[in-house]
Structures are given as C-alpha cells and as structure tokens.
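Mapping to this note's numbering: the sequence shown position 109 is 155, numbers consecutive. Below is one structure, written out as structure tokens; comments come after it.
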Amino acid sequence: MTEPPDIFSYRKHWAHKFGTAPELPMSRAEMDLLGWDACDVIIVCGDAYVDHPSFGMSIIGRLLEAQGFRVGIIAQPDWTNAEDFRRLGRPALFFGITAGNMDSMVNRYTAERRKRSDDAYTPDAAPDRRPDRALTVYAQRAREAYKDVPIVLGGIEASLRRVAHYDYWSEKVRRSVLVDAKADILLFGNAERALVALAHRLARGESISAIRDLRGTAFMVRDLPRDWTRLDARTLDQPGRLDPHPDPYRDEPLCSGQNSDQNSDQKGANQADVARSPPAPVAVAAQAAPTRERTLVQLPAYEQVRADPVLYAHAARVFHLETNPGNARALVQAHGNRWLWLNPPPIPLTTPELDRLFELPFARRPHSSYGAARIPAWEMIRFSVNIMRGCFGGCTFCSITEHEGRVIQSRSRESILRELEDIRDRAPEFTGSISDLGGPTANMWRMSCRSPVIAAACRRLSCVHPDICKHLNADHGPLIGLYRQARAVPGIKRILIASGLRYDLAVRSPAYVRELVTHHVGGYLKIAPEHTEPGPLSKMLKPGIGSFERFRELFERYSREAGKEQYLIPYFIAAHPGTSDEDMLNLALWLKRNRFRLDQVQSFLPTPLSLATAMYHSERNPLKIITPDSERVAVPRGQRQRRLHKAFLRYHDPDNWPLLREALTRMGRTDLIGNGKRHLVPSFQPAGTGRVSKASNPLRTQSSAWRRPSERQR
C-alpha cells in the first residue's frame with residue numbers, strides 16, 4: 047500500500063474565495079446571498095439536511111467546501127419528476143447522490159416487510175418522503191434534469207449494493223446499483239479520499255470516464271485489460287484432498303476460491319452443471335510474478351449468482367475475503383456484456399485527517415428552512431461525539447464491515463476534547479450532558495493490530511472470533527484516560543456511553559468496566575449478546591454467552607459499589623440463519639431462569655451484501671469454503687416461524703401463549719406448560735388475550751430493551 051496524499055493537502059479550488067457558508071444552500075436565494083452563480087457540486091440526499099458531523103451529507107459537503115468547492119444540497123426532493131433536481135441549477139462538476147444515513151429499504155420497511163409509520167430522518171418524522179431504492183431513483187431523475195452532468199453514487203446504500211446482491215424485499219438477486227442507476231461512478235465505504243481526488247481531477251478538466259485508478263470506486267467497463275493477471279473465482283471448490291489452511295499472517299495470503307486460470311479451467315470443465323462462464327471471455331496475459339496491484343479476481347457473473355444461490359454464497363465469501371485494504375485485489379463481475387469493476391477498498395484516514403474532518407465548521411443543527419420541525423435522528427445525536435470509525439468484530443448480520451471496514455480509525459484525544467468544548471460553547475440548548483462518546487463500537491478506540499505487516503496481510507473476518515487475536519492491542523487504558531479528561535472539561539456535567547459495547551473485550555479490563563459503570567451509565571447500558579446457543583452464535587461470529595455473564599457480574603458488582611441501581615439493555619435477534627426452534631426455546635428458558643423480560647424484539651433483517659444475508663438466501667455457510675456438499679444452514683422462513691421465534695423472546699406476553707403452547711406440544715415439551723415456576727407458559731389464558739403477537743417498534747433495527755425487575759418489583 048503506497049501512502050496516499052493527505053486529503054487536506056490539495057491546492058484549493060478557485061471558489062474558496064467565497065469563504066465558508068453558515069449553512070450549505072438549499073435554494074437559489076441562498077446561493078444569491080453567498081454570491082454564487084452556480085454550484086460546483088450538488089448533493090442529493092434522502093435525509094433532511096442537518097449540518098452535523100453524524101450526517102453523511104454534511105461530512106461530505108463540508109469537506110468539499112474545505113477544498114474550495116461550492117456545494118449545494120437538495121434534501122428529500124420530489125422524485126416524481128426531474129423539476130426539483132433543477133432547483134439549484136446545473137452543477138459545474140457533478141451530482142453526488144446518496145440515499146442517506148440508512149439504506150432506503152431498511153429505512154422504509156420492517157423485518158416483516160411492513161411499511162414503517164414514521165421516518166426519524168425527516169422533519170416531524172413524516173413518512174414517505176423518500177422512494178424505495180432511493181439511490182437509483184434520485185440518480186435517474188438527476189440524469190433527466192441534466193443529461194451531461196456526471197452522476198457519482200455514495201453512502202451506505204451504494205456500499206451495500208455495489209455488486210450483485212440479494213434483496214430481501216423483492217426476494218431476488220439484483221444487479222449492482224451502479225447498473226440500475228445508470229451512474230458514472232460509485233464510491234463505497236468512507237469515501238473522503240476518493241471524493242476529494244475525484245473532485246479536483248474533474249475540476250482540472252479530466253473526463254469522469256477516464257478516472258479509473260481511485261481506490262474505493264466502482265464503475266462499468268466494456269472490456270478487461272489484457273496486461274492484468276486474472277484469478278478466476280467463478281466456480282465452487284471441489285471436494286478432494288484437504289490442503290493446510292493458509293497462514294493469515296503470511297506476506298502473500300491466498301484467498302480460498304481464487305485459483306490460477308489453469309486450475310480454474312480444469313475445475314470449470316468438471317463443473318459445467320454448476321456455473322457457466324460469463325459472455326465475451328477475455329484472454330489473460332501470462333506473468334511470471336503477478337503483483338497484487340495488477341491482479342483481478344473474477345467473481346461469478348450476475349446471471350450466475352441470480353440463478354444459483356449456492357454460487358451466490360461462494361461469491362459472497364470471495365468478496366468478503368477481499369476487504370482488507372492492505373491486501374485486497376480489484377474485483378470484476380460480469381453484468382450482461384459489460385463488467386463491473388471494483389477497485390480495492392479505500393485506505394483509512396489517519397488520525398490528523400480524521401481530526402480535521404470532524405472539526406470542520408458544522409453548524410450542528412438542522413437547516414434553518416425546517417423552522418421548529420422536529421428531526422428525531424438529530425435530537426438523538428445532537429450532543430454526541432464520534433470518536434472513531436470501523437469495527438473489527440465482523441458480526442455477519444452487521445453492515446459496518448461492508449461500509450466502514452474492520453480497520454479502526456481513531457480521532458486524537460485533543461480533537462475530541464475540543465469538540466466537547468465546541469458543543470458546550472455553541473450547541474443550542476446544551477445543558478451540560480453529552481449523550482454519547484463512542485462510534486460503531488464504544489470501546490474500540492485506538493485498538494489495532496500490533497504489527498502493521500501482519501495487519502496488511504491478515505485475511506481473518508473477525509479479530510475477536512472465535513477468540514481475541516493474540517496480535518490485537520486491546521488495551522482499554524487510553525480510553526479510560528479519555529473518559530477522565532472528558533469529564534474534567536469545564537461545563538460538562540455528565541457523559542453517557544450510548545454506543546454498543548463489545549463486552550468480550552471489556553471483560554479483559556475490569557478497570558474499564560468500573561470506570562464505565564461508575565461514571566458513564568445513565569441507568570441503562572446497551573449490550574448485544576444476540577443469543578445464548580452455540581449454533582446461532584457461530585453463524586453470527588459472536589462470543590458465547592459466558593462472556594456476557596462475566597460482564598454482567600462485573601456490571602452489577604461495580605453498580606453496587608457505586609451505590610447505583612442500573613440495568614443492562616441487551617439485544618437479541620430472532621430468526622437469524624442457523625437458529626432452530628430448539629435454540630429459541632433454550633434462549634427463552636435462559637431468560638426466564640435469569641428473570642429477564644424483553645420489552646420489544648425484532649427478527650433478523652437481511653441487509654444487502656452481509657454474510658448472514660448470504661446464509662439466508664443460499665442456506666449455506668460462507669464462513670467456510672463453499673462446495674456442492676458444503677454445510678447447510680437452517681433458515682427460519684415464513685411469517686409463522688419468524689413470529690414463533692419472536693414469541694419465545696416474549697414468553698411472558700399472554701398474547702404469545704397459544705402459539706407457544708402449540709409449538710411446545712409439537713416439540714414434545716409439554717412439561718414446560720403449566721402454572722409452576724419451572725414452566726415456561728401457563729396452561730390458563732387470561733380473558734381478552736391470545737391474539738396475534740404484537741408488532742415490534744418500527745424504529746428498532748434488531749431488538750429492543752429488557753428490564754430486570756428490582757426486588758420490590760418482583
């Protein structure tokens with residue numbers, strides 16, 4: 047990996063002379079007040095415009111402004127025609143299209159495919175202010191508005207849909223969003239490096255069709271280069287002699303499922319019934335010593351993975367093994383007679399770059415045009431501070447890996463403290479309480495591999511599963527020091543930790559748990575065991591329930607020592623791939639044994655591109671090499687079984703008792719039906735109960751809060 051230029055080292059575009067806008071303009075009148083005759087870049091977004099560093103459009107907009115570009119915002123446009131996309135005129139460089147902070151289908155629909163009644167990213171939480179698959183719709187309307195303006199896709203929806211992917215809502219494999227949106231280029235992951243370079247190169251007059259060397263970008267091509275080595279991953283692995291697993295720390299690690307062309311040709315001859323070659327095969331030039339920088343990994347074509355779910359699981363495995371920026375190779379995937387080309391992932395930002403990014407001049411409030419309207423997503427994070435990016439947990443159901451990656455990018459302590467002071471001095475209605483000091487995972491700040499060489503070569507999907515890697519620096523000491531210095535900032539009365547906590551890391555540092563519980567828990571703390579049974583946990587890449595119980599012991603001990611009554615809020619997922627009815631029964635018995643009652647729950651939601659979604663679609667396990675006879679994964683399907691799994695989590699709800707009695711009878715566990723303490727559900731039914739299980743809170747994305755009653759409440 048060559049060292050990239052600092053994103054703030056570019057010579058500023060000429061328009062920097064206009065200075066910094068109090069808020070990025072959303073109308074021509076605001077542009078006139080700033081003295082602009084046009085925008086260089088127009089960002090179209092499915093969220094309301096909130097000028098806060100927790101909102102993607104604001105990060106991107108302020109970063110481009112810092113480079114000297116004039117940036118306008120079209121937030122939640124009317125997508126029924128192209129007129130609203132002409133609101134700010136023709137952009138001089140490009141349209142930047144994003145669906146917002148969430149995938150638009152996740153934003154609009156529950157795990158049961160019911161339409162949500164509100165939208166937390168919209169003024170007054172109004173629903174239906176964005177279309178289904180917003181990224182595609184917005185890009186098409188922008189193209190209608192100005193046919194010759196380049197279209198650049200970005201954000202989480204672009205990241206999750208950058209290759210052929212299973213779409214839960216249409217129950218089919220869809221093409222890359224780049225194809226459907228008819229865009230010029232797609233930026234995936236945290237795309238600041240690629241975006242800054244792209245904007246400056248376009249400003250210098252380069253054609254967007256000629257910009258093909260930026261990491262973290264995807265685009266369509268007609269032909270593949272003949273001077274690159276191509277590794278063919280279009281077919282499944284065949285059973286046979288078992289070779290030793292490649293050492294993940296070797297200098298040139300191998301990717302399972304990726305073979306030389308000679309070997310893959312032989313495999314293809316033996317597997318004509320499994321996979322067909324994509325159209326227009328391209329010859330590959332022989333190279334004595336191919337370099338990773340000029341090597342392509344050819345994924346199975348869109349048409350192949352659409353037709354064969356097992357091959358889809360194989361492609362998902364190969365894709366995820368090429369996500370480490372230190373060793374990932376370019377990927378290609380045929381879509382009809384064209385090729386989708388994905389460059390390697392972006393190189394993470396350095397600490398100084400991340401500091402400057404989060405210290406850009408954000409107004410930290412919604413755009414003034416919204417007046418007094420409430421935007422729930424902003425109200426939730428308005429007094430929070432993001433201290434890091436990324437997560438090396440590798441949970442198969444989570445989209446962080448596909449978007450932010452596994453490399454932790456940390457801000458400096460000084461930058462975090464400056465933001466606390468900025469909130470204290472400038473944030474409207476601030477009363478002294480910080481709602482969160484965290485990120486994707488609260489306690490991974492400044493954690494990384496001890497060896498840059500090992501980190502660059504590693505092919506593991508998780509640094510903490512099945513055990514915490516011996517090369518991982520998991521020291522909580524710096525984070526403890528940060529908490530103490532943050533509490534000492536004058537004017538800061540209280541700092542809470544609201545981000546999810548990786549408890550298998552936390553239990554290695556009782557001093558951290560004590561610090562957290564004593565000073566940073568406001569009565570409740572989020573925790574995510576997800577399940578109790580080894581089968582589901584192995585498919586999630588989550589630790590065993592023993593780690594959670596050790597954390598709970600520390601939590602309760604230090605809460606007592608601090609003289610506080612505090613509770614955990616754990617998340618559990620119902621109906622995850624690999625979960626049987628017996629697994630859910632055992633989880634319900636564990637909850638009852640520990641006298642825990644979940645308030646609200648939700649079933650597994652298959653998001654595009656995740657490994658758990660590949661399990662859901664294919665009923666195979668992509669955590670292992672995929673062969674025609676590879677491990678099958680039990681997948682709870684259908685509303686009745688998914689409702690049953692949720693009912694086990696709410697075993698105490700009388701409305702669920704008829705369904706649970708029926709299931710327990712079928713499972714031969716009538717011994718759990720009765721009115722004693724050892725029974726799971728009673729044999730009687732209260733009047734007025736026994737209806738269909740209640741729908742979960744539509745704003746929840748996985749599961750919800752639990753409450754352990756106090757002695758008085760029991």
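The beta-carbon is built from N, C-alpha and C at its ideal position, and this holds for glycine as well.
Segment limits, alpha helix (DSSP H) that includes residue i
{"i": "S104", "result": "102-112"}
{"i": "V356", "result": "355-366"}
{"i": "N432", "result": "Segment 430-432 is the beta strand (DSSP E) holding N432; no alpha helix (DSSP H) there."}
{"i": "T716", "result": "Where T716 is concerned, there is no enclosing alpha helix (DSSP H), given that its DSSP letter is neither H nor E."}
{"i": "V209", "result": "Here V209 belongs to no alpha helix (DSSP H), and DSSP marks it neither H nor E."}
{"i": "W424", "result": "422-427"}
{"i": "D401", "result": "397-404"}
{"i": "A75", "result": "74-80"}
{"i": "A380", "result": "Segment 376-381 is the beta strand (DSSP E) holding A380; no alpha helix (DSSP H) there."}
{"i": "R239", "result": "238-249"}
{"i": "V195", "result": "Per DSSP, V195 belongs to no alpha helix (DSSP H) and is neither H nor E."}
{"i": "D550", "result": "549-552"}
{"i": "L224", "result": "223-227"}
Sequence-distant residues of the same chain with beta carbon closer than 7 Å to residue i, five excluded per side
{"i": "G286", "result": "A caution first: G286 carries a pLDDT of 46, below 50, which makes its placement in the model too unreliable to give a value."}
{"i": "D165", "result": "N153, A171, A172, P173, R175"}
{"i": "K638", "result": "Y697, L726"}
{"i": "Q531", "result": "R459, L463"}
{"i": "N632", "result": "T578, E579"}
{"i": "R221", "result": "A210, Y348, H381"}
Backbone CA spacing between residue i and residue j [nearest angstrom]
{"i": "A279", "j": "F365", "result": "10 Å"}
{"i": "E49", "j": "S497", "result": "17 Å"}
{"i": "Y358", "j": "T653", "result": "15 Å"}
{"i": "V356", "j": "L345", "result": "13 Å"}
{"i": "D93", "j": "R132", "result": "18 Å"}
{"i": "R464", "j": "F404", "result": "10 Å"}
{"i": "Q304", "j": "N373", "result": "Residue placement at Q304 is flagged as unreliable, the pLDDT there being 37, under the threshold of 50; the coordinate-derived value follows with that caveat. Taking the straight line from one Cα to the other gives about 14 Å."}
{"i": "P392", "j": "A204", "result": "14 Å"}
{"i": "A418", "j": "E475", "result": "14 Å"}
{"i": "P623", "j": "Y604", "result": "36 Å"}
{"i": "I500", "j": "P371", "result": "12 Å"}
{"i": "G527", "j": "P728", "result": "51 Å"}
{"i": "R643", "j": "R596", "result": "20 Å"}
{"i": "G569", "j": "E425", "result": "20 Å"}
{"i": "R237", "j": "F140", "result": "The amino acid occupying residue 237 in the given sequence is Ala; Arg does not appear at that position. For A237 and F140, the distance between alpha carbons rounds to 16 Å."}
{"i": "P407", "j": "M434", "result": "19 Å"}
{"i": "D717", "j": "L706", "result": "13 Å"}
{"i": "S649", "j": "P682", "result": "10 Å"}
{"i": "R208", "j": "L232", "result": "8 Å"}
{"i": "A128", "j": "Q186", "result": "9 Å"}
{"i": "S656", "j": "E448", "result": "7 Å"}
{"i": "V647", "j": "R470", "result": "36 Å"}
{"i": "A502", "j": "R272", "result": "27 Å"}
{"i": "M72", "j": "H360", "result": "45 Å"}
{"i": "M630", "j": "F594", "result": "18 Å"}
Anticipated Cβ contact below 8 Å, residue i with residue j, distance rounded
{"i": "L342", "j": "R276", "result": "5 Å"}
{"i": "G546", "j": "G478", "result": "25 Å between Cβ atoms; not a contact."}
{"i": "C441", "j": "E450", "result": "Going by Cβ atoms, the distance from C441 to E450 rounds to 13 Å, so no, they are not a contact pair."}
{"i": "L386", "j": "M266", "result": "6 Å"}
{"i": "M586", "j": "F443", "result": "6 Å"}
{"i": "S456", "j": "W491", "result": "5 Å"}
Residues near residue i in its chain [Cβ-Cβ closer than 8 Å; skip 5 each side]
{"i": "S430", "result": "S100, I480, S481, D482, L483, G484, A544"}
{"i": "P137", "result": "A84, C85, D86, V87, I88, G118, Y192, V195"}
{"i": "K539", "result": "T477, G478, S479"}
{"i": "D178", "result": "S150, M151, R154, W215"}
{"i": "Q685", "result": "E158"}
{"i": "R247", "result": "I257"}
The beta strand (DSSP E) enclosing residue i, as first and last residue numbers
{"i": "K610", "result": "Unbroken run through K610: none, as it is neither H nor E."}
{"i": "A264", "result": "263-267"}
{"i": "L232", "result": "231-233"}
{"i": "L342", "result": "341-344"}
{"i": "T275", "result": "275-278"}
Cutoff 6 Å; reference residue i; Cβ partners in own chain excluding five residues on either side
{"i": "F54", "result": "R402"}
{"i": "D124", "result": "D130"}
{"i": "L651", "result": "A157"}
{"i": "R338", "result": "R375"}
Those runs of the alpha helix (DSSP H) which lie wholly inside the region 445-527 and span at least 4 residues:
446-449, 459-472, 498-503
Entirely within the region 647-703 and at least 4 residues each: give me those alpha helix (DSSP H) ranges in chain order.
657-664, 684-695
What are the uninterrupted segments assigned as alpha helix (DSSP H) that are 4 or more residues long and contained completely in the region 109-177, given in chain order?
150-154
Restricting to runs no shorter than 4 residues, where is the alpha helix (DSSP H) found entirely within the region 558-626?
580-586, 591-607
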